[in-house]
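*Asks:* Residue numbers (the working numbering): 114 to 424.
Sharing a structure with you now.
Written out as structure tokens, the structure is:
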């Protein structure tokens, strides 16, 4: 089985290729990178979960998952600030697109370099433990992959994992209507960046609050944190229902929502909701990671693989 550090690098490479494809977009490249990033995302997230589990215990997993989630979501803050500053027109033309995705490609490449440092550190630590890799260990690689898949199938049939499928699937449900709501004016595409900034702030604050500060250790405490996240997201989705037209999620629209607020009030509700859903999402994801690491210590890779499959 691939070491977590190597798997993270390979998964991150697909993200780099995906971003790179937007500099000179072509139809065939879209299809290829879409498939690659789907595979890469599953590999990356599973490897991150295993790496987090390998470097945590029952006392530190809440802290580590909180720190990981907060740092992970910093990208939303920085990236969307850049988008909000740069994107000043309704349409993204060639002159805007190329510099935009060149910057994103450079950032992705820097991330890959950091993964290489993690790989180097992992090999150094491995060599300290043993200087010789036996033939038997190499043979066990294929056995480990098959065994991981078998364990994942077995886990999928257990009562606890079946119950976890609900938050797994729920945490993957998200959409934005801001860019399609004509009522917000010609700068509505730019407002997507502001939404991302506030969403990122909620994610970062939640990562610190629910993972690092509160440090839930028991199952009941984790359940309470998940309930808080669920309530926050219900508030968000209700605000989307009353604040946006029903067709705003998939096309430009001038239709009226359930409550026809003024443009200023509607924007305020939308951006407050962006922060709330980020806060709720961080609560769900940090606690899901905690549960997977603490309950499935011996089969973390299989547990996180199911998480990504369902999500």
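Where is the CB? At the ideal position from N, CA and C, for every residue including glycine.
Reducing DSSP to helix, strand and coil, say where residue 366 ends up.
*Replies:* Counting from one through the chain shown, the residue named residue 366 turns up at place 253. Strand at residue 366.
*Asks:* Among 225, 185, 117 and 152, which one has its Cα closest to the Cα of residue 126?
*Replies:* Locating residue 126 in the chain shown gives position 13, counting from the first residue. Residue 126 has its Cα closest to that of 225, out of 225, 185, 117 and 152.
*Asks:* Between which two residues does the alpha helix (DSSP H) carrying residue 134 extend?
*Replies:* Position 21 of the chain shown holds residue 134. That residue, residue 134, is in no alpha helix (DSSP H); it is neither H nor E in DSSP.
*Asks:* I'd like the list of long-range same chain contacts for residue 319, defined as Cβ closer than 6 Å, with 5 residues on each side in sequence excluded.
*Replies:* For this step, residue 319 is matched to residue 206 along the chain shown. Only 392, 395 and 396 meet the Cβ criterion.
*Asks:* Here's a check: name, in chain order, each residue in its chain whose Cβ is nearer than 7 Å to the Cβ of residue 369, leaving out the five neighbours to either side.
*Replies:* Residue mapping note: residue 369 aligns to position 256 of the chain shown, counting from 1. Within the same chain, residue 369 has close Cβ partners 358.
*Asks:* Identify every run of the alpha helix (DSSP H) within the segment 143–223, keeping only runs that are complete inside it and at least 4 residues long; order them along the chain.
*Replies:* Runs of the alpha helix (DSSP H) inside the segment 143–223: 174–199.
*Asks:* Using alpha carbons as the reference points, say which of 404, 159 and 146 lies closest to residue 419.
*Replies:* One-based indexing of the chain shown puts residue 419 at position 306. Closest by alpha carbon: 159.
*Asks:* If you compare alpha carbons, which of 297, 175, 411 and 219 is closest to residue 402?
*Replies:* As a position in the chain shown, residue 402 is number 289, starting the count at 1. Closest option to residue 402, Cα to Cα, is 175.
*Asks:* Would residue 228 pass as a contact of residue 121 if the rule is Cβ separation under 7 Å?
*Replies:* Along the chain shown, read from residue 1 onward, the residue named residue 228 stands at position 115. Along the chain shown, read from residue 1 onward, the residue named residue 121 stands at position 8. Yes, they are a contact pair.
*Asks:* Output needed for residue 379: all residues of its chain with C-beta closer than 6 Å, excluding positions within five of it in sequence on either side, in chain order.
*Replies:* Position 266 of the chain shown holds residue 379. Same-chain partners within the cutoff: 356.
*Asks:* Please classify residue 309 as buried or exposed, where buried requires at least 16 neighbouring CB atoms within 10 angstroms.
*Replies:* Start at 1 with the first residue of the chain shown, and residue 309 comes out as number 196. Residue 309 is buried by the Cβ-count criterion.
*Asks:* Residue 375 by DSSP, collapsed to three states: which one?
*Replies:* For the purposes of this step, residue 375 is identified with residue 262 of the chain shown, where counting begins at 1. Residue state, collapsed to three classes: coil.
*Asks:* If you measure between the beta carbons of residue 118 and residue 232, is that distance less than 7 Å?
*Replies:* For the purposes of this step, residue 118 is taken as the residue at position 5 of the chain shown. For the purposes of this step, residue 232 is taken as the residue at position 119 of the chain shown. The answer is yes: Cβ separation under 7 Å.
*Asks:* So, under 8 Å CB-CB, residue 150 and residue 131 are touching, yes? Tell me the CB distance rounded to an integer number of Å.
*Replies:* In the chain shown, the residue the question calls residue 150 occupies position 37. In the chain shown, the residue the question calls residue 131 occupies position 18. Right, their Cβ atoms sit about 4 Å apart.
*Asks:* Roughly how many angstroms separate the alpha carbons of residue 349 and residue 386, rounded to a whole number?
*Replies:* Within the chain shown, numbered from 1, the residue matching residue 349 stands at position 236. Within the chain shown, numbered from 1, the residue matching residue 386 stands at position 273. Approximately 5 Å, taken between the alpha carbons.
*Asks:* Please determine, among 214, 182 and 207, the residue with the shortest C-alpha to C-alpha distance to residue 196.
*Replies:* What you label residue 196 is simply residue 83 of the chain shown in a count that begins at 1. Selected option, being the one with the closest Cα: 214.
*Asks:* With a threshold of 16 other CB atoms inside 10 Å of the CB of residue 400, please say whether the residue is buried or exposed.
*Replies:* In the chain shown, residue 400 corresponds to position 287, counting from 1. The residue is buried, with at least 16 neighbouring Cβ atoms inside 10 Å.
*Asks:* Check residue 61 in the structure and name its three-state DSSP category.
*Replies:* Nothing can be reported for residue 61, as the shown portion of the chain is limited to 114 through 424.
*Asks:* My output table needs one value for residue 298: the three-state DSSP class, helix, strand or coil.
*Replies:* The sequence position of residue 298 within the chain shown is 185, counting from 1. In this structure, residue 298 counts as coil in the three-state DSSP scheme.
*Asks:* Going by C-alpha distance, which of 297, 270, 207 and 412 is nearest residue 381?
*Replies:* By 1-based counting over the chain shown, the position of residue 381 is 268. Measuring from the Cα of residue 381, the nearest candidate turns out to be 297.
*Asks:* So, with DSSP's three-state summary, where would you put residue 290?
*Replies:* Your numbering for residue 290 matches position 177 in the chain shown. Residue 290: coil per DSSP, three-state reduction.
*Asks:* Can the beta-carbon of residue 303 be found less than 7 Å from the beta-carbon of residue 200?
*Replies:* Against the chain shown, residue 303 aligns to sequence position 190. Against the chain shown, residue 200 aligns to sequence position 87. Yes, they are a contact pair.
*Asks:* I'd like the list of long-range same chain contacts for residue 189, defined as Cβ closer than 7 Å, with 5 residues on each side in sequence excluded.
*Replies:* Indexing the chain shown from 1 puts residue 189 at position 76. The residues are 309, 312, 313 and 316.
*Asks:* To the nearest angstrom, how far is it from the Cα of residue 230 to the Cα of residue 222?
*Replies:* On the chain shown, residue 230 is found 117 positions in, with the first residue counted as 1. On the chain shown, residue 222 is found 109 positions in, with the first residue counted as 1. Looking at the two C-alpha atoms, the distance is approximately 13 Å.
*Asks:* Apply the 10 Å Cβ neighbour rule to residue 285 and answer buried if 16 or more other Cβ atoms are within range, or exposed otherwise.
*Replies:* Locating residue 285 in the chain shown gives position 172, where the first residue counts as 1. Because the pLDDT at residue 285 is just 42, under 50, the model does not fix this residue reliably, and the value given afterwards should be weighed accordingly. Exposed: under 16 other Cβ atoms inside 10 Å.
*Asks:* Comparing C-alpha positions only, which one of 353, 166, 187 and 157 sits nearest to residue 373?
*Replies:* The count along the chain shown starts at 1 and reaches residue 373 at position 260. Residue 373 has its Cα closest to that of 353, out of 353, 166, 187 and 157.
*Asks:* In whole angstroms, give me the CA-to-CA distance for residue 192 and residue 185.
*Replies:* Taking the chain shown and counting its residues from 1, one reaches residue 192 at position 79. Taking the chain shown and counting its residues from 1, one reaches residue 185 at position 72. Cα to Cα, the separation comes out at about 12 Å.
*Asks:* Alpha carbons only, please: which of 238, 155, 169 and 136 is nearest the one belonging to residue 208?
*Replies:* What you label residue 208 is simply residue 95 of the chain shown in a count that begins at 1. Per the Cα distances, 136.
*Asks:* Mind reading off the beta-carbon distance from residue 413 to residue 171? Whole number of angstroms is fine, and I expect it under 8 Å.
*Replies:* One-based indexing of the chain shown puts residue 413 at position 300. One-based indexing of the chain shown puts residue 171 at position 58. Contact flag wrong, Cβ pair sits at about 13 Å.
*Asks:* Specify the secondary structure class of residue 407 as computed by DSSP and reduced to three states.
*Replies:* As a first step, residue 407 is located in the chain shown; it is residue number 294 there, counting from the start. Residue 407: helix per DSSP, three-state reduction.
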